[in-house]
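Student: I'd like to ask some things about the structure below.
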């Protein structure tokens, strides 16, 4: 019966059977120590019997081993226990030297990212590298728990679409049985239609952007959390929900996995349950004043302003999450609701210097929506939009939501420097392998 | 403060505020009754005051209403309560007649599927239609709960890939910044690599098959649960895990949502916690004998055999889920493990007449894998496969898993006749809209 490495402290003085990867091998004062890795972590084993030690000759890191031995307390070993009197069985011998030291994390410096991904399959076997993706899975788990508790229903909408023009970014195009098609940039139109069914819906899935830009913030395939909620009584209801989500999820992951986050040297974020709100205009003005820079020509926030306002809010409000509100009308999508001539009922959620989500109220009035579509150059007779318009023609309540970047959330929670490091196998303009 | 329709029995004799869609309107013995739909369900309201009744003139189904009224017990009303002394506010009036009767489910007959999807945005507002997708979301929730309890880690792998040749079906191709790329048919290679990191992984996501066939079983975009587990001690470990998953999830959804499934007239499946196993050869022989048909030329199971063996197992084993084992070697993929010259260590999970999952053990031995890749016509020097081979070169334990069709699971749990009815916005050879 197999025991996992993280269960050993329950088996002190017992003989146990372990299975895993040879993670590390070293000689120390004439003694052979090996580390065995399994899904519970690593355990250190001390090999004394020359017959057992001999079995490791020519056997490299990554080999699959079975160990039978006695668990003893050993304060200097990882986990406080060690395996003694070990009988070893090499189940799958590895005959090749590893190209990287799996025991040491690969460099995440910008100039080394190619090496990181070239050796991704092995690099992820590093305990800390794996922890990034364990944290990622827990963040998604807690997101779902939060949303279920608020009556959201999870949906899956198609990624192959006739027209992905709603987003604004470049789209990937393909041939769909002789018809032109695109890869969905977001589930925008579908999730709005589904608000007409369930009131509150969310989807976690891939979104595709043919982004020609090579930045630390962009990849061509992202994992998005899209949520949408109806019967709101103002835009503030949307912001409050997104705020409660981020607060709950970050708080919970630190509560439940603070040890892992500390192993990763993740910076614990300063958060309040009410995030400060600054209008775009305020941010431009505050930034200009503090940095003696003229921002009057800027419509969007610059990346530097996004970093700066989060730092400012950290100092002034004790919170590293900020809503930048009153986004400019000129950047408004056809499905957003206008606030006035200058701005939209939309806000960006910034977290530790990075935009995680845009959180608009939607235009739910059929006649107004049709006008906005036509103003955006979309024919309201276009067959691809009929299902969308049908929902509004037959009654849609006030609603809003957000597209929330999961990769960016992981990046900021873990404290990485580039969105790609938060993705197992990222896609950018130069990278479609591995 | 808004109260939901399914909370009303807690507010008898109180005045409450409701918000929702006008779902139905009728005159009965000179009295006006309306049904209001919200995310809790529907509530019936009785309008007597002519001023209030007048507000509904020219106001059609789908209009967004606010109702203030007193909750009274009324056994004949849905939910056992009714709203009286109603004050009504039309928040968003709908001025168009609905093209379908939302109160009545649309026909799911094969010849009416085009109508079903043409009116999808409204048809889903039918309470029973929506319940199909609520059940779907709960099935996915219970799947995740089960897998988390077994130490599986959820991953996200790329859908834009250099080479999707692993599947066998046709792939969608696209231009990726000047390079050829495909849409992933499955996360096969990625999830196997991730077994080297976490031992047990799963992914729920879209998979793309350029299926030119128009059947009740195929669509070009499916939602797949892909799971993979390592350190197995034989193929049987994989089958036992998949069996436990299906058993747990179906049992739980019936326990928790039997009322909804009964509303949908879903047939409660007969399941045992150990599913019968029949080899392909046995099934061919049993079928041939019972149906006086010669099946000796068949490699795969025919759809009719799949239905028949499930019916057979229902009668003989008291279980509507069956494993068809010892799949023929001739259908084996390069990453499967052979059992002998004739068959692979692979089994199909059949449930109520439909294949839900193929559950093979994988070839984990580096040298053997390279041979099988070359035999399948793949160059082992192909850059696109290096990340995959790297994992095996540096140690992979025995492992196996499955690709499990979520849409098909929903179809069979709910008792639908076509995979498309289990998908919000299905994609087939003729359908990319809505």
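Chains as they are written, first to last, in the numbering used here: chain G, 1 to 434; chain Y, 1001 to 1434.
Note that beta-carbon positions come from the ideal geometry of N, C-alpha and C, so glycine has one too.
Here's the rule I'm using: 16 or more other beta-carbon atoms within 10 Å means buried, otherwise exposed. How should residue 50(G) be labelled?
Tutor: Here residue 50(G) refers to the residue found at position 50 of the first chain. With fewer than 16 Cβ atoms within 10 Å of its Cβ, residue 50(G) is classed as exposed.
Student: Note down, in chain order, each residue of its chain lying with its Cβ closer than 7 Å to the Cβ of residue 283(G), except the 5 sequence neighbours on either side.
Tutor: Start at 1 with the first residue of the first chain, and residue 283(G) comes out as number 283. Counting only Cβ-Cβ distances below 7 Å, and skipping sequence neighbours, we find 301, 305, 309 and 324.
Student: Could you give the uninterrupted runs of the beta strand (DSSP E) lying entirely in the segment 315 to 365 of chain G, keeping only those of 3 residues or more?
Tutor: Here the runs fully enclosed are 321 to 325, 348 to 351 and 354 to 358.
Student: Opposite residue 1180(Y) in the DSSP bridges: which residues?
Tutor: The residue labelled residue 1180(Y) in the question sits at position 180 within the second chain. Answer is 1175(Y), bridged to residue 1180(Y).
Student: Contact criterion: CB-CB distance below 7 Å. Does residue 1024(Y) meet it with respect to chain G?
Tutor: Along the second chain, read from residue 1 onward, the residue named residue 1024(Y) stands at position 24. No, residue 1024(Y) does not count as interfacial toward chain G.
Student: For residue 1215(Y), is the classification buried or exposed, using 16 other Cβ atoms within 10 angstroms of its Cβ as the cut-off for buried?
Tutor: By one-based count along the second chain, residue 1215(Y) stands at place 215. Residue 1215(Y) is exposed by the Cβ-count criterion.
Student: Would you identify the three-state DSSP class for residue 1139(Y), choosing helix, strand or coil?
Tutor: Locating residue 1139(Y) in the second chain gives position 139, counting from the first residue. If DSSP states are grouped into helix, strand and coil, residue 1139(Y) belongs with the helices.
Student: Give me the residue from 1180(Y), 1328(Y) and 1296(Y) with the minimum Cα distance to residue 1161(Y).
Tutor: For the purposes of this step, residue 1161(Y) is taken as the residue at position 161 of the second chain. Of the listed residues, the one whose Cα sits closest to residue 1161(Y) is 1180(Y).
Student: Would DSSP call residue 1270(Y) helix, strand or coil?
Tutor: Along the second chain, one-based indexing puts residue 1270(Y) at 270. Looking at residue 1270(Y) - three-state DSSP - the assignment turns out to be coil, as it is neither helix nor strand.
Student: Can you tell me the Cα-Cα spacing of residue 1424(Y) and residue 1154(Y), whole angstroms?
Tutor: By one-based count along the second chain, residue 1424(Y) stands at place 424. By one-based count along the second chain, residue 1154(Y) stands at place 154. Rounded to whole angstroms, residue 1424(Y) to residue 1154(Y) spans 23 Å at the Cα level.
Student: Just mark residue 1340(Y) as buried or exposed, buried being the case when its beta carbon has 16 or more other beta carbons within 10 Å.
Tutor: Position 340 of the second chain holds residue 1340(Y). Exposed.
Student: With distances taken from CA atoms, which of 229(G), 103(G) and 331(G) is nearest residue 1038(Y)?
Tutor: Here the question's residue 1038(Y) lines up with position 38 in the second chain. The candidate whose alpha carbon is nearest that of residue 1038(Y) is 229(G).
Student: With DSSP collapsed to three states, give me the class of residue 430(G).
Tutor: Here residue 430(G) corresponds to residue number 430 of the first chain, with the count starting at 1. Reduced to three states, the DSSP call for residue 430(G) is coil.
Student: Given 8 Å as the limit, is there contact between the segment 1409 to 1423 of chain Y and the segment 1194 to 1213 of chain Y, that is, 3 or more CB pairs closer than that?
Tutor: The segment 1409 to 1423 of chain Y is not in contact with the segment 1194 to 1213 of chain Y.
Student: Below 8 Å CB to CB, which residues in the same chain sit around residue 113(G) once its five sequence neighbours on both sides are set aside?
Tutor: Along the first chain, one-based indexing puts residue 113(G) at 113. Answer for residue 113(G): 418, 420 and 421, listed in chain order.
Student: For residue 296(G), report the span of its beta strand (DSSP E) as first-last.
Tutor: Within the first chain, numbered from 1, the residue matching residue 296(G) stands at position 296. Element bounds for residue 296(G): n/a, residue is neither H nor E.
Student: Residue 1172(Y) touches chain G at which residues, Cβ-Cβ below 9 Å?
Tutor: Locating residue 1172(Y) in the second chain gives position 172, where the first residue counts as 1. Near residue 1172(Y) (Cβ distances below 9 Å), the residues of chain G are 160, 174, 175, 176 and 181.
Student: Does any C-beta atom of chain Y lie closer than 7 Å to the C-beta of residue 108(G)?
Tutor: As a position in the first chain, residue 108(G) is number 108, starting the count at 1. So no, residue 108(G) is outside the interface.
Student: So, for residue 122(G): in the same chain, excluding its five sequence neighbours on each side, which residues have a beta-carbon less than 8 Å away from its beta-carbon?
Tutor: For the purposes of this step, residue 122(G) is identified with residue 122 of the first chain, where counting begins at 1. The residues are 62, 98, 99, 100 and 102.
Student: At a Cβ cut of 8 Å, what residues of the segment 1033 to 1044 of chain Y count as close to chain G, listed as they run along the chain?
Tutor: Cβ contacts with chain G come from 1038 and 1039.
Student: Excluding the five sequence neighbours on either side, which residues of its own chain have a C-beta within less than 7 Å of the C-beta of residue 383(G), listed in chain order?
Tutor: Numbered from 1 along the first chain, position 383 holds the residue referred to as residue 383(G). So the list is empty, once near-sequence residues are dropped.
Student: What did DSSP end up calling residue 85(G) once you bin it into helix, strand or coil?
Tutor: As a position in the first chain, residue 85(G) is number 85, starting the count at 1. Strand, per DSSP.
Student: Run the CB neighbour count on residue 262(G), radius 10 Å, all protein chains shown included, and call it buried at 16 or more, exposed below.
Tutor: Position 262 of the first chain holds residue 262(G). When all chains shown are included, residue 262(G) counts as exposed.
Student: 7 Å is my cut-off, CB to CB: does residue 1223(Y) come that close to chain G?
Tutor: In the second chain, counting from the first residue as 1, residue 1223(Y) sits at position 223. Chain G contact via Cβ: present.
Student: Residues in the same chain with beta-carbon distance under 7 Å from residue 239(G), minus the five sequence neighbours each way, listed in chain order, please.
Tutor: Counting from one through the first chain, the residue named residue 239(G) turns up at place 239. Hits under 7 Å: 323, 347 and 359.
Student: Answer yes or no: do residue 1361(Y) and residue 1233(Y) have a C-beta to C-beta separation smaller than 7 Å?
Tutor: What you label residue 1361(Y) is simply residue 361 of the second chain in a count that begins at 1. What you label residue 1233(Y) is simply residue 233 of the second chain in a count that begins at 1. No, these two residues do not count as a Cβ contact at 7 Å.
Student: Following the continuous alpha helix (DSSP H) through residue 235(G), name the residue where it begins and the one where it ends.
Tutor: Counting from 1 along the first chain, the entry for residue 235(G) is found at position 235. From DSSP, the alpha helix (DSSP H) with residue 235(G) extends over 235 to 263.
Student: Please list the terminal residues of the continuous beta strand (DSSP E) segment that includes residue 38(G).
Tutor: Taking the first chain and counting its residues from 1, one reaches residue 38(G) at position 38. Element bounds for residue 38(G): 31 to 38.
Student: Between the beta-carbon of residue 1042(Y) and the beta-carbon of residue 1017(Y), is there less than 7 Å?
Tutor: Along the second chain, one-based indexing puts residue 1042(Y) at 42. Along the second chain, one-based indexing puts residue 1017(Y) at 17. No, these two residues do not count as a Cβ contact at 7 Å.
Student: Taking Cβ-Cβ distances shorter than 8 Å, what residues in chain Y pair up with residue 153(G)?
Tutor: The sequence position of residue 153(G) within the first chain is 153, counting from 1. Per Cβ cutoff of 8 Å: 1133, 1134 and 1137.
Student: What did DSSP end up calling residue 1224(Y) once you bin it into helix, strand or coil?
Tutor: Within the second chain, the letter at position 224 stands for residue 1224(Y). Looking at residue 1224(Y) - three-state DSSP - the assignment turns out to be strand.
Student: Determine contact between the segment 131 to 140 of chain G and the segment 401 to 411 of chain G, defined as no fewer than three beta-carbon pairs at a distance below 8 Å.
Tutor: The segment 131 to 140 of chain G vs the segment 401 to 411 of chain G: in contact.
Student: For residue 1092(Y), return the contacting residues in chain G, with the cut-off set at a CB-CB distance below 9 Å.
Tutor: Looking up residue 1092(Y) in the second chain gives position 92. Within 9 Å Cβ-Cβ: 364, 365, 366, 395, 396, 397 and 398.
Student: On the DSSP letters alone, give me the boundaries of the beta strand (DSSP E) that residue 279(G) sits inside.
Tutor: Against the first chain, residue 279(G) aligns to sequence position 279. Run containing residue 279(G): 277 to 279, per the beta strand (DSSP E) assignment.
Student: Taking the alpha-carbon of residue 356(G) as reference, which of 226(G), 260(G) and 428(G) has the nearest alpha-carbon?
Tutor: Taking the first residue of the first chain as position 1, residue 356(G) is located at position 356. When each option's Cα is compared against that of residue 356(G), the closest is 226(G).
Student: Taking only beta carbons into account, state which residues of the segment 101 to 131 of chain G come closer than 7 Å to chain Y, listed in chain order.
Tutor: The segment 101 to 131 of chain G vs chain Y, Cβ under 7 Å: 120, 121, 122, 124, 125 and 130.
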